[in-house]
Each structure stands twice: as C-alpha cells, then as structure tokens.
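Shown next, in structure tokens, is the structure this report addresses.
Residue numbers (the UniProt record's numbering): 1 to 158.
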C-alpha cells in the first residue's frame with residue numbers, strides 16, 4: 001500500500017477540483033495504476049468526493065487500492081444526507097401570491113367574449129392530405145378488384 005503523501009482538502013475545495021487535480025493527487029500518492037481509469041471516466045473533484053466503493057471497483061480499480069482511496073475520502077467532511085428514515089424534513093415556506101379582486105368593474109381582466117368561438121369563415125382551413133387513389137389488388141384469377149373500375153383482365157407485357 002502506498003503511504004499517503006498528500007491528504008485531501010476539505011469538501012468545499014475538493015468539489016471544485018478538475019480531473020487534472022484529481023490525477024495529480026493520485027500521482028502524488030502513488031496511485032498511478034488508477035490514473036488512466038480516472039482520466040477516461042472524467043472523474044473530477046465532485047465525482048471523486050461522492051464516489052463509493054462499488055463506483056471505483058466498476059471502473060477497474062483493484063479492491064486494496066479502493067479501500068485506501070475510500071479511507072482518504074472518508075476523512076473529508078462530506079455534508080450529511082438529511083433524508084434519514086424517521087428524520088423530520090422541514091419544508092421551506094411556500095411563496096404564494098394572494099390575488100384579491102378589489103376593482104371588480106375594471107376592464108383589465110378577461111371578458112366573456114375572449115372565450116366565444118369564432119365563426120368557421122374567419123378560421124383558415126387546416127391543411128389536408130390529397131385524397132388517395134383507389135388501389136387495385138391482383139386476385140387469384142388474374143383480374144384486378146377495384147371499387148371504382150370495372151373488372152378487366154391483367155395484360156402481360158409483350
């Protein structure tokens with residue numbers, strides 16, 4: 001196991017680290033085997049500080065190294081998740097606007113004619129697809145069925 005040469009900063013500083021800052025810390029602490037995986041996955045300070053053991057194992061880091069890195073990450077004072085079972089969650093006050101109708105006779109609001117339907121003459125027609133031609137379908141006896149055409153034999157090309 002490599003001996004830690006450079007400890008991690010506090011949470012607020014660590015979450016602002018770039019991928020290169022994380023890579024530099026890995027190099028400084030002789031975790032060179034992890035560098036390519038961290039770089040390839042784009043692990044910056046924010047991802048790094050929120051990493052869990054399975055995350056690091058899934059990107060190909062060996063378990064002994066994962067444990068050492070996790071020991072270092074656990075020294076960082078991460079904010080706690082307040083969503084514990086049984087914890088009381090306090091909601092911020094809602095910002096509702098109360099509307100009163102002080103001037104009921106004003107003409108600034110909606111009027112009933114706003115909702116009346118317009119006549120069909122003032123509404124432009126909606127675009128429609130052109131009608132499809134009747135399709136003919138070959139049948140067993142060589143005749144075509146068409147609702148608009150009389151039956152005629154199908155001619156073979158000469």
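Just so it is clear, CB atoms sit at the ideal spot from N, CA and C, and this is done for glycine as well.
So residue i and residue j are supposed to be a Cβ contact under 8 Å. How far apart are they, rounded?
i: residue 60; j: residue 17; result: The Cβ separation is near 21 Å, so there is no contact.
i: residue 43; j: residue 76; result: About 15 Å; that fails the 8 Å criterion.
Sorted by chain position, which residues of the same chain lie with C-beta nearer than 7 Å to residue i's C-beta, five sequence neighbours on each side aside?
i: residue 34; result: 26, 61, 65
i: residue 161; result: Shown here, the chain extends from 1 to 158; a query on residue 161 therefore has no answer.
i: residue 37; result: 59, 60, 61
i: residue 53; result: 66, 70
What span of residues does the alpha helix (DSSP H) with residue i cover, start to end?
i: residue 68; result: 63-74
i: residue 14; result: 11-14
i: residue 37; result: 35-41
i: residue 5; result: Residue 5 -> no alpha helix (DSSP H), and no H or E assigned at all.
i: residue 25; result: 19-28
What does a CB cutoff of less than 6 Å around residue i pick up in its chain, not counting 5 residues either side in sequence?
i: residue 15; result: 45, 46, 49
i: residue 63; result: none
i: residue 87; result: Here the model assigns residue 87 a pLDDT of 48, short of 50, so the residue's position is not dependable and the matter cannot be decided.
i: residue 169; result: Because residue 169 is not part of the residues shown, which for the chain are 1 to 158, the question remains open.
Compare the beta carbon distance of residue i and residue j with 8 Å and say whether it is the shorter of the two.
i: residue 23; j: residue 39; result: yes
i: residue 166; j: residue 5; result: Outside the modelled stretch of the chain, which goes from 1 to 158, sits residue 166, for which no answer is possible.
Specify the secondary structure class of residue i as computed by DSSP and reduced to three states.
i: residue 46; result: helix
i: residue 51; result: coil
i: residue 57; result: helix
i: residue 31; result: coil
Can you name, in chain order, every residue of its own chain whose Cβ lies under 8 Å from the Cβ of residue i, other than the five neighbours on each side?
i: residue 79; result: 11
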